[in-house]
Amino acid sequence: MTRISAVLLAAILLSSCGKSDSSGSGGSPSAGGGGTGGAATTGGATPQEAFDKLKATGEKKDWPAFYDLIHPEDQDMAVFMFSFIGAMAGMGDEAKKAEFEAIGKKHGVPDEDKAEKLEMNDPEKMKAQLKVLFKDVKDKKALFVEMAAWVDANSKPGDGFNLKPDATLKSVKEEGDTARCMTLSEGKERPMVMKKHGGRWYMTFDR
1128 MTRISAVLLA AILLSSCGKS DSSGSGGSPS AGGGGTGGAA TTGGATPQEA FDKLKATGEK
1188 KDWPAFYDLI HPEDQDMAVF MFSFIGAMAG MGDEAKKAEF EAIGKKHGVP DEDKAEKLEM
1248 NDPEKMKAQL KVLFKDVKDK KALFVEMAAW VDANSKPGDG FNLKPDATLK SVKEEGDTAR
1308 CMTLSEGKER PMVMKKHGGR WYMTFDR
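Have a look at this one:
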């Protein structure tokens, strides 16, 4: 996986919060069980609440809770995004590269040469491909949590992987179970899409 579309990368950057110039708080929370948990305790009652939770969990580095704010249909995409970001963070450092790759192998992620070429420009096809790619991963949430913690510990402040603390949800237009949002950070507007699942709002990687 040597390239990624700007659309997908922007989506994860918009929804991630965390690394600053300070070292932050202590160790990362341990992974909970797989899946998204109960619909009554995950997601947000409104798109604004879901956005606020994304920022808060990122700032706390509460990766299990962060994963639970991603729409179930997009959780494979989230795992892929962090696998890409982790691979980028390990470039030029063989020890780091091996360390990150070991996380994937432990959880059942296939070697890169065995993975099908992803249809980056067709999100729906890509989602289907990712389901196949991660079919042997028994606990995707645990994989996501471990990768996110590794990326947080090994990426440099200012690398551009995280949403700035000043980010706000400028506007929300609800269309049934879809909310088309516009975020604002450092004077720049970026789109973000949320969708309902079980009556709650979750982040997606749609545009």
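Heads up, the sequence shown is in the numbering used here, so the first residue is 1128 and it goes up one at a time. Every residue gets a Cβ at the ideal spot worked out from N, C-alpha and C, and that includes glycine.
Best match in the options for proximity to residue i [C-alpha to C-alpha]
i: residue 1302; options: 1315, 1295 and 1321; result: 1321
i: residue 1199; options: 1298, 1309, 1268 and 1308; result: 1268
Alpha-carbon spacing of residue i relative to residue j, whole angstroms
i: residue 1187; j: residue 1196; result: 14 Å
i: residue 1144; j: residue 1243; result: Because the pLDDT at residue 1144 is just 40, under 50, the model does not fix this residue reliably, and the value given afterwards should be weighed accordingly. Each residue's Cα considered, the two are about 30 Å apart.
i: residue 1192; j: residue 1183; result: 10 Å
i: residue 1272; j: residue 1226; result: 15 Å
i: residue 1220; j: residue 1281; result: 11 Å
i: residue 1275; j: residue 1211; result: 11 Å
i: residue 1232; j: residue 1238; result: 8 Å
i: residue 1257; j: residue 1172; result: 28 Å
i: residue 1148; j: residue 1202; result: Low confidence applies to residue 1148: its pLDDT is 40, below 50, so where it sits in the model is not reliable enough to give any reading.
i: residue 1217; j: residue 1194; result: 22 Å
Range covered by the alpha helix (DSSP H) that runs through residue i
i: residue 1198; result: No alpha helix (DSSP H) holds residue 1198; DSSP gives it neither H nor E.
i: residue 1282; result: Per DSSP, residue 1282 belongs to no alpha helix (DSSP H) and is neither H nor E.
Bridge-paired residues (DSSP) for residue i
i: residue 1323; result: 1328
i: residue 1334; result: Partner(s): none; residue 1334 has no beta bridge.
i: residue 1312; result: 1315
i: residue 1305; result: 1302 and 1322
Endpoints, beta strand (DSSP E) assigned at residue i
i: residue 1295; result: 1295–1302
Within 9 Å, strictly: CB atoms of residue i and residue j
i: residue 1170; j: residue 1327; result: yes
i: residue 1310; j: residue 1297; result: yes
Contact test: residue i Cβ vs the ligand NAD heavy atom, cutoff 8 Å
i: residue 1238; result: This structure lacks the ligand NAD, and indeed carries no ligand of any kind.
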